[in-house]
Amino acid sequence: MRLLIRNIKELCQVEEQPRTMVCGKEMASLPCINDAYLLMEDERILSFGPMSSLPKTIEADVVIDATGKMVLPAFCDSHTHLVYAGSREQEFIDKINGLSYEEIARRGGGILNSARRLHDTTEDELYEEALARVNEIISMGTGAAEIKSGYGLTTEDELKMLRVIKRLRETTPLTIRATFLGAHAVPAEYKGRQSAYVDLIVNEMIPAVGKEGLANFVDSFCDKGFFTCEETERIIEAAAAYGMRPKIHANELALSGGIQVGVKHNALSVDHLEFTGDEEIEALAGSGTMPTLLPGAAFFLGMNYPPARKMIDSGLPVALASDYNPGSSPSGNMKFILSLATIKMKMTPEEAINAATINSAYAMGISDTHGSICVGKRANVLITKEIPSLYFLPYAYTSNLIDSVILGGRVVCRSK
2 MRLLIRNIKE
12 LCQVEEQPRT
22 MVCGKEMASL
32 PCINDAYLLM
42 EDERILSFGP
52 MSSLPKTIEA
62 DVVIDATGKM
72 VLPAFCDSHT
82 HLVYAGSREQ
92 EFIDKINGLS
102 YEEIARRGGG
112 ILNSARRLHD
122 TTEDELYEEA
132 LARVNEIISM
142 GTGAAEIKSG
152 YGLTTEDELK
162 MLRVIKRLRE
172 TTPLTIRATF
182 LGAHAVPAEY
192 KGRQSAYVDL
202 IVNEMIPAVG
212 KEGLANFVDS
222 FCDKGFFTCE
232 ETERIIEAAA
242 AYGMRPKIHA
252 NELALSGGIQ
262 VGVKHNALSV
272 DHLEFTGDEE
282 IEALAGSGTM
292 PTLLPGAAFF
302 LGMNYPPARK
312 MIDSGLPVAL
322 ASDYNPGSSP
332 SGNMKFILSL
342 ATIKMKMTPE
352 EAINAATINS
362 AYAMGISDTH
372 GSICVGKRAN
382 VLITKEIPSL
392 YFLPYAYTSN
402 LIDSVILGGR
412 VVCRSK
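Going by the working numbering, the first residue of the sequence shown is number 2, and it counts up by one from there.
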């Protein structure tokens, strides 16, 4: 099947030679072609260029006229928790009434609340809830997502979550990568015995996950009040035997050392990073570890935003992700993440788009196939509605500007 998009006002994030990531000053550059076409065949990008170079004899099964519209690679959301049961709006009210994230967690809320709900939810029910969220984020322009476990906190329930993630990967057009996050919180029955819970993760959970091949990555909430650097290293080292590369929750609540642990163990990404100083930036410089920023969580929790401007000005790459989850970022709208990045973290629109496409694809280990318009890459693109410029995307922060979403060379979502 061939799909042709004609008369594109601006075709953005084009590459002749694929890059793995964009760093520092290069993030301010977003290669685009005005008055362009894009041709896809089956699941791949076949060719693109200015309309003047489109052969007049070209044939396609589907032709879309994009006059006045922009075309970009679909967003890559490299950090989500979108498999969960129910919602936690009561904790939203608790936050309004002055309770902190840590206070809610200490009294059995937060992650432990989600774990109780998930335990009482069947695998089929969990799948149906998550499927609705997957369809929601696709409609908002996301073409790839990493999804974590971490609301199980028992071997059986962690496996249940990971099997749901596998089922989503097999039944939806979304490109999905799975992460095992048994070290998300310490269950209530292990209170005061945290090391015993880490033993359970290392000796039982990881081998079970590895045996079924359910996870691409391993994660640990390496932060104040959660898991220590030493515990995180134990978990990372155990998972390495099963081919799971680390992606670490780090420095959301304090200067935890999580960034340094991630770099030491060649983590694909370290995520959150609200607390990041000169030592952390120095550790990240020249590493293969992608700093991944989650401004939706900072927005929802009323926390300080990560120092994106300082990171980029220091030569680092950064990625953006939604952190879609029921407690601290109940939204998978990556367009809104672009707005938060520009408004709250002073990233330029070009930097934000690079961070939400090519760099976030790297943070999922898929930048060779996703994150840019490049011949041979997967045909995952979004078409905007008619907009005056690319800058209008983050500027119009609540407007639905997505006209169509194409995943694997097929139109999967189109606005009415």
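Ideal placement from N, C-alpha and C gives every residue a C-beta, glycine not left out. Just so you know, these numbers come straight off a predicted model, no measurement behind them.
Check                                                                                                                 : Outcome
Which listed residue (K26, L12, V15, A133) has its alpha carbon closest to that of T349                               : K26
Burial state of A197, where buried means 16 or more other Cβ atoms lie within 10 Å                                    : exposed
Where P331 sits in the DSSP three-state scheme                                                                        : coil
Start-to-end residues for the beta strand (DSSP E) that takes in K248                                                 : 246 to 251
For I388 and C13, the rounded distance between their alpha carbons                                                    : 14 Å
Nonlocal neighbours in the same chain, by C-beta distance under 8 Å from R235, ignoring five residues either side     : V199, V203
Contact check, N381 vs G144, beta carbons under 7 Å                                                                   : yes
Contact set for R118: own chain, Cβ-Cβ below 6 Å, skip 5 residues either direction                                    : A86, G87
Residues near V210 by beta carbon distance below 6 Å, same chain, minus five either side                              : F181, A216
Runs of beta strand (DSSP E) wholly within the region 46 to 115 (minimum 3 residues, chain order)                     : 63 to 66, 70 to 74, 76 to 81
Rounded C-alpha distance that separates I34 from F301                                                                 : 36 Å
Extent of the continuous beta strand (DSSP E) to which C13 belongs                                                    : 3 to 13
Per DSSP, cross-strand counterpart(s) of A286                                                                         : Note: A286 sits in no beta bridge, so no partner.
Anticipated Cβ contact below 8 Å, V72 with L39, distance rounded                                                      : 6 Å
DSSP-derived helix/strand/coil call for K192                                                                          : coil
Which of helix, strand or coil DSSP assigns to D314                                                                   : helix
Neighbourhood of S330 by C-beta distance below 7 Å, restricted to the same chain and skipping five residues each side : L295, G297, A298, F301, S323, D324
Cβ neighbour criterion (16 or more within 10 Å) applied to M52                                                        : exposed
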